[in-house]
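Those protein sequences? They're chains A and B, same order as listed. For my numbering, count along the first sequence from 1 and bump the result up by 42. For my numbering, count along the second sequence from 1 and bump the result up by 1. Idealized CB from N, CA, C, for every residue including glycine. Some notes on the structure that comes next.
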Amino acid sequence: DTAVSQTPKYLVTQMGNDKSIKCEQNLGHDTMYWYKQDSKKFLKIMFSYNNKELIINETAPNRFSPKSPDKAHLNLHINSLELGDSAVYFCASSHTGGDGYTFGSGTRLTVV
Amino acid sequence: AQSVTQPDIHITVSEGASLELRCNYSYGATPYLFWYVQSPGQGLQLLLKYFSGDTLVQGIKGFEAEFKRSQSSFNLRKPSVHWSDAAEYFCAVGAPNTGNQFYFGTGTSLTVIP
């Protein structure tokens with residue numbers, strides 16, 4: 043009964059591969075997000091979806107493609123992985139209107 | 002655009018001592034303000050939030066924060082720190098009608114000495 047769940051928790055892959063991270067929330071929130079946390083713990087928003095529509099796309103490379111099949115799911119697909127993509131990726135959700143986020147536990151992506 | 006500054010990268014306190022973590026924001030109006038805590042290997046957990054009204058807000062785990070408009074600050078406090086409070090703390094600012102986009106500070110790492 044986890045509120046925001048991400049899979050996988052860890053992902054180790056080679057450069058050039060394509061991988062996906064899945065996110066699901068059971069809170070009834072209508073907005074979902076992907077954040078990237080780098081090695082210095084800096085959190086930067088990548089994407090935001092509201093009711094399956096993209097509303098924020100913060101200059102993530104085109105290799106990153108979010109997909110929201112319904113408002114409870116927001117998946118992140120990454121093509122042609124690069125070393126610099128190594129980071130922790132957090133999914134989050136919230137109600138529209140500025141309430142705080144509920145975060146998933148993160149996916150640690152390591153590109154070798 | 003909004004921004005958040007957490008001036009202290011790392012703070013060390015003794016168990017039982019009081020704690021204050023600083024957060025300064027930049028925004029033209031009253032923003033939404035949040036404090037999150039991240040334990041090692043975990044996601045971020047919301048400690049408390051301020052939208053409007055009483056400028057002293059109480060959160061979970063005995064934390065509180067005070068919004069001071071004149072200083073553009075939202076400092077987090079706890080009167081007596083426990084060893085389990087050791088974690089990374091993030092201040093965040095959001096604004097109405099921005100698609101719920103929040104900007105996070107760079108975090109303050111808290112070490113608690115027994």
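What did DSSP end up calling residue i once you bin it into helix, strand or coil?
i: residue 125 of chain A; result: helix
i: residue 112 of chain A; result: strand
i: residue 63 of chain B; result: helix
i: residue 70 of chain B; result: helix
i: residue 85 of chain B; result: helix
Going by C-alpha distance, which of the options is nearest residue i?
i: residue 132 of chain A; options: A/143, A/122, A/123; result: A/143
i: residue 72 of chain B; options: B/29, B/19, B/20, B/15; result: B/29
i: residue 6 of chain B; options: B/15, B/23, B/96, B/115; result: B/23
i: residue 91 of chain B; options: B/52, B/66, B/15; result: B/66
i: residue 84 of chain A; options: B/10, B/82, B/57; result: B/10
i: residue 55 of chain B; options: B/115, B/31, B/17; result: B/31
i: residue 105 of chain B; options: A/88, A/113, A/55; result: A/88
i: residue 36 of chain B; options: B/83, B/62, B/81, B/82; result: B/62
i: residue 57 of chain A; options: A/104, A/125, A/135; result: A/125
i: residue 41 of chain B; options: B/58, B/85, B/8, B/93; result: B/85
i: residue 112 of chain B; options: B/26, B/52, B/39; result: B/39
i: residue 48 of chain A; options: A/59, A/55, A/77, A/60; result: A/77
List, in order along the chain, the chain C residues whose C-beta lies closer than 9 Å to that of residue i?
i: residue 108 of chain B; result: Looking for chain C here will not work: the only protein chains present are A and B.
Assign residue i to buried or exposed, taking buried as 16 or more other Cβ atoms, counted over all protein chains shown, within 10 Å of its Cβ.
i: residue 127 of chain A; result: buried
i: residue 89 of chain B; result: buried
i: residue 108 of chain B; result: buried
i: residue 49 of chain B; result: buried
i: residue 73 of chain A; result: buried
i: residue 112 of chain A; result: exposed
Any chance the CB of residue i is under 7 Å from a heavy atom of the ligand ATP?
i: residue 12 of chain B; result: Absent from the structure shown: the ligand ATP. Ligands present: none.
Contact residues within the region 74–86 of chain A, judged by C-beta distance below 9 Å to chain B: 75, 77, 79, 82, 83, 84, 85, 86
Scan the region 84–111 of chain A for residues whose Cβ lies nearer than 9 Å to a Cβ of chain B and list them as they occur along the chain. Hits within the stretch, in order: 84, 85, 86, 87, 90, 92, 97, 98, 100.
Residues, ordered as in the chain, of the region 141–152 of chain A that lie near chain B by beta-carbon distance below 8 Å: 141, 142, 143, 144, 145, 146, 147, 148
If the cut-off is 7 Å on Cβ atoms, which residues from the region 61–74 of chain B count as contacting chain A, listed in chain order? Within the region 61–74 of chain B, no residue has a Cβ that lies closer than 7 Å to any Cβ of chain A.
Could you please tell me which residues of the region 44–62 of chain B, in chain order, have their CB closer than 8 Å to any CB of chain A? 44, 45, 46, 47, 50, 52
Of all the residues that make up the region 81–95 of chain B, which are near chain A by a beta-carbon distance shorter than 9 Å? Contacts with chain A (Cβ-Cβ distance below 9 Å) from the region 81–95 of chain B involve 89, 91, 93, 95, listed in chain order.
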